[in-house]
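The number in this note's numbering is simply the position in the sequence shown, starting from 1, with 299 added. We treat Cβ as the ideally placed atom computed from N, Cα and C, and that holds for glycine. Structure, as structure tokens:
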Amino acid sequence: MESNSAPKVPSTLYTPRLTLILFSRSNPAHYACMLSCLNNATAWSQMGDYGIRTKEQLDALHDATRITSPIKLDRELIYLISLTSHPEELVGAVTLAQRSREIYPDIGWALKEEFIGKGYATEAAAEFLRALRDEIGIRDICTWPDEKNVPSNRVAEKLGFVEGGTVRVSDEGGKEAVVWILPGMKGVGRGGISISFWGEDAGKET
Numbered sequence: 300m301e302s303n304s305a306p307k308v309p310s311t312l313y314t315p316r317l318t319l320i321l322f323s324r325s326n327p328a329h330y331a332c333m334l335s336c337l338n339n340a341t342a343w344s345q346m347g348d349y350g351i352r353t354k355e356q357l358d359a360l361h362d363a364t365r366i367t368s369p370i371k372l373d374r375e376l377i378y379l380i381s382l383t384s385h386p387e388e389l390v391g392a393v394t395l396a397q398r399s400r401e402i403y404p405d406i407g408w409a410l411k412e413e414f415i416g417k418g419y420a421t422e423a424a425a426e427f428l429r430a431l432r433d434e435i436g437i438r439d440i441c442t443w444p445d446e447k448n449v450p451s452n453r454v455a456e457k458l459g460f461v462e463g464g465t466v467r468v469s470d471e472g473g474k475e476a477v478v479w480i481l482p483g484m485k486g487v488g489r490g491g492i493s494i495s496f497w498g499e500d501a502g503k504e505t
């Protein structure tokens, strides 16, 4: 059942090594970090190049994929990751996005290239997942990293996600992608749902 009352979203989350800070559109460093995460050789080889180069493009994506179900939020749900030992250093981000109301919100993670391989993505995503389920009230969450993105698929497994069906990705010509869900959640079927990275209204402009 959907709720019209917006939950309280924590401004900061903590892990043994990391501090997670709620994204702010008034902080240029937050945009710089996210753009760096998306635009490097490793990201392009594992996730693809989405062509996002500016804060305006990020804002448009965030507006189009804001959470509307099972609860409605009036802001994007993104945390920037910093090292607790060096709080001024932003190393990556964790996100929750709604591509379609036909599918669960999806969790994502991305790091600056120089911080990949240190376990930060798993550590940050685990705490974000806990907060989503226990504090914010979003319990059914999926993720759908590309099959060639082996590190992200490994993170999904470490977080406890299991394969829960497939969707068709309209941005890639209807390519079928595996959806990972949490144990106990209902599967999404086999290719009956079409989604876009750019949100539910992608391609509907006239």
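If I measure Cβ to Cβ from residue i and keep anything under 8 Å in the same chain, skipping five residues before and after, which residues do I get?
| i | result |
| --- | --- |
| L428 | I406, I440, L458 |
| F414 | V390, G391 |
| S323 | H329 |
| C332 | L379, L389, V390, G391, A392, K411 |
| P482 | G459, V461 |
What do you reckon, is the C-beta of residue i under 7 Å from a heavy atom of the ligand GTP?
| i | result |
| --- | --- |
| Q356 | Only the bare structure without any ligand can be found here, which leaves the ligand GTP out of the picture. |
Give the DSSP bridge partners of residue i, in chain order.
| i | result |
| --- | --- |
| W408 | V393 |
| L382 | L317, H385 |
| K474 | V468 |
| W479 | T442, E462 |
| R489 | T465 |
| L428 | According to DSSP, which records beta bridges pairwise, L428 is partnered with nothing at all. |
| L376 | L395 |
| T311 | I320 |
Around the Cβ of residue i, are there at least 16 other Cβ atoms within 10 angstroms (buried) or fewer (exposed)?
| i | result |
| --- | --- |
| R438 | exposed |
| S310 | exposed |
| K307 | exposed |
| S451 | buried |
| K411 | buried |
| T505 | Note that T505 has pLDDT 32, beneath the 50 cutoff, so the model's placement of it is unreliable and no number is given. |
| S384 | exposed |
| V449 | exposed |
| E355 | exposed |
| R400 | exposed |
| E375 | buried |
| W408 | buried |
| D500 | exposed |
| S344 | exposed |
| R398 | buried |
| S381 | buried |
Within a Cβ cutoff of 7 Å, which residues of the same chain sit near residue i, ignoring the five residues on either side of it in sequence?
| i | result |
| --- | --- |
| A425 | L458 |
How many whole angstroms separate the CB atoms of residue i and residue j, which I take to be in contact at a CB cut-off of 8 Å?
| i | j | result |
| --- | --- | --- |
| T318 | P386 | 6 Å |
| G498 | T364 | 5 Å |
| I492 | S469 | No, I492 and S469 are not in contact; Cβ-Cβ is about 10 Å, not under 8 Å. |
| P404 | I366 | 6 Å |
| I351 | L372 | Not really, about 21 Å apart at Cβ, beyond 8 Å. |
Note down, in chain order, each residue of its chain lying with its Cβ closer than 6 Å to the Cβ of residue i, except the 5 sequence neighbours on either side.
| i | result |
| --- | --- |
| G490 | T465, R467, E475 |
| I480 | C441, G463 |
| E301 | Low confidence applies here, because E301 scores a pLDDT of 49, under 50, leaving its location unreliable and the question unanswered by this model. |
| M496 | Per the sequence shown, the amino acid found at residue 496 is Phe instead of Met. So the qualifying residues of the chain are D470. |
### Query
Are the region 421-438 and the region 465-478 in contact at 8 Å, needing three or more beta carbon pairs?
Under the three-pair Cβ rule at 8 Å, the region 421-438 does not count as touching the region 465-478.
### Task
Take every Cβ of the region 359-371, pair it with every Cβ of the region 415-423, and state whether three or more of those distances are shorter than 8 Å.
A contact is defined here as three or more CB-CB pairs under 8 Å, and the region 359-371 fails this definition with respect to the region 415-423.
### contact_flag[the region 310-330, the region 441-448] where n(CB pairs < 8 Å) is 3 or more
no
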